[in-house]
């Protein structure tokens, strides 16, 4: 499989198989338009990825590499009153590691996926965020906990 070279905003280069970025509408179009899939030395023609740092691009490449054999179109789920959106354990761990990271912001990776037109990445991120929101206690639930424990209230307003 031919390789392409992606260059981050700070000039860090990554050589990746062309098949890895089939999820990216932008990179797929570039590969097709420039015939990079049939040129033996396609890696010699770097593709600059503006406004995306090397760390963020590495995470996007990691996600795309894991999902390179997935269909480009995600199955549309029926609207339902489901409690949580299904995510694979790998995706759950990937986005949880991003959330917990002190150096890479989840929003930066989502913005990078958006600029590279990786729709499935964005949809997976949305599911992860929605699941996190559903697991977080609401204001009413937090108020109930405070009302039940006056010492907790004192801690909250201890000036």
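Residue numbers (our numbering): 94 to 252.
Glycine is no exception: its CB is placed at the ideal position from the N, C-alpha and C atoms.
On a predicted model such as this, the values are computed, not experimentally measured, just so you know.
(message) Could you tell me the alpha carbon to alpha carbon distance between residue 155 and residue 190, rounded to whole angstroms?
(response) Counting from one through the chain shown, the residue named residue 155 turns up at place 62. Counting from one through the chain shown, the residue named residue 190 turns up at place 97. Using only the alpha carbons, I get a separation of about 12 angstroms.
(request) Round the Cβ separation of residue 106 and residue 145 to the nearest angstrom and send it over; I've been treating them as touching at under 8 angstroms. (result) The count along the chain shown starts at 1 and reaches residue 106 at position 13. The count along the chain shown starts at 1 and reaches residue 145 at position 52. In fact, because the Cβ distance is near 13 angstroms, the residues do not count as touching under 8 angstroms.
(request) Report all residues from its chain with a CB closer than 7 angstroms to the CB of residue 183; omit the five preceding and five following residues, and keep chain order. (result) Taking the chain shown and counting its residues from 1, the one referred to as residue 183 is at position 90. Within the same chain, residue 183 has close Cβ partners 159.
(request) Please classify residue 207: does DSSP put it in a helix, a strand, or coil? (result) On the chain shown, residue 207 is found 114 positions in, with the first residue counted as 1. Reduced to three states, the DSSP call for residue 207 is helix.
(message) Just to confirm the assignment, what range does the alpha helix (DSSP H) spanning residue 146 have?
(response) What you label residue 146 is simply residue 53 of the chain shown in a count that begins at 1. Note, residue 146: premise wrong, no alpha helix (DSSP H); not H, not E.
(message) On the CB-based measure, 16 or more other CB atoms within 10 Å of its CB, does residue 195 come out buried or exposed?
(response) By one-based count along the chain shown, residue 195 stands at place 102. It counts as exposed.
(request) Identify whether residue 106 lies in helix, strand or coil by the three-state DSSP scheme. (result) In the chain shown, the residue the question calls residue 106 occupies position 13. Of the three classes helix, strand and coil, the one that applies to residue 106 here is strand, per DSSP.
(request) Measure how close the beta-carbons of residue 142 and residue 99 come, nearest whole angstrom, since I'm counting them as under 8 angstroms. (result) Numbered from its first residue, the chain shown carries residue 142 at position 49. Numbered from its first residue, the chain shown carries residue 99 at position 6. Confirmed, about 5 angstroms.
(request) Using 10 angstroms around the beta-carbon of residue 138, count the other beta-carbons present and answer buried if the total reaches 16, otherwise exposed. (result) The sequence position of residue 138 within the chain shown is 45, counting from 1. Classification for residue 138: exposed.
(message) Between which two residues does the alpha helix (DSSP H) holding residue 97 run?
(response) Position 4 of the chain shown, counted from the first residue, corresponds to residue 97. No alpha helix (DSSP H) holds residue 97; the beta strand (DSSP E) holding it covers 96 to 100.
(message) Please identify the residue among 201, 163, 164 and 215 whose C-alpha is closest to the C-alpha of residue 147.
(response) On the chain shown, position 54 is the one that residue 147 refers to. Of the candidates 201, 163, 164 and 215, the one whose C-alpha sits nearest the C-alpha of residue 147 is 201.
(request) Can you grab the Cα-Cα spacing for the pair residue 187 / residue 97, in whole Å? (result) Against the chain shown, residue 187 aligns to sequence position 94. Against the chain shown, residue 97 aligns to sequence position 4. So the alpha carbons of these two residues sit roughly 24 angstroms apart.
(request) Identify whether residue 124 lies in helix, strand or coil by the three-state DSSP scheme. (result) As a first step, residue 124 must be located in the chain shown, where it is residue number 31. Residue 124: helix per DSSP, three-state reduction.
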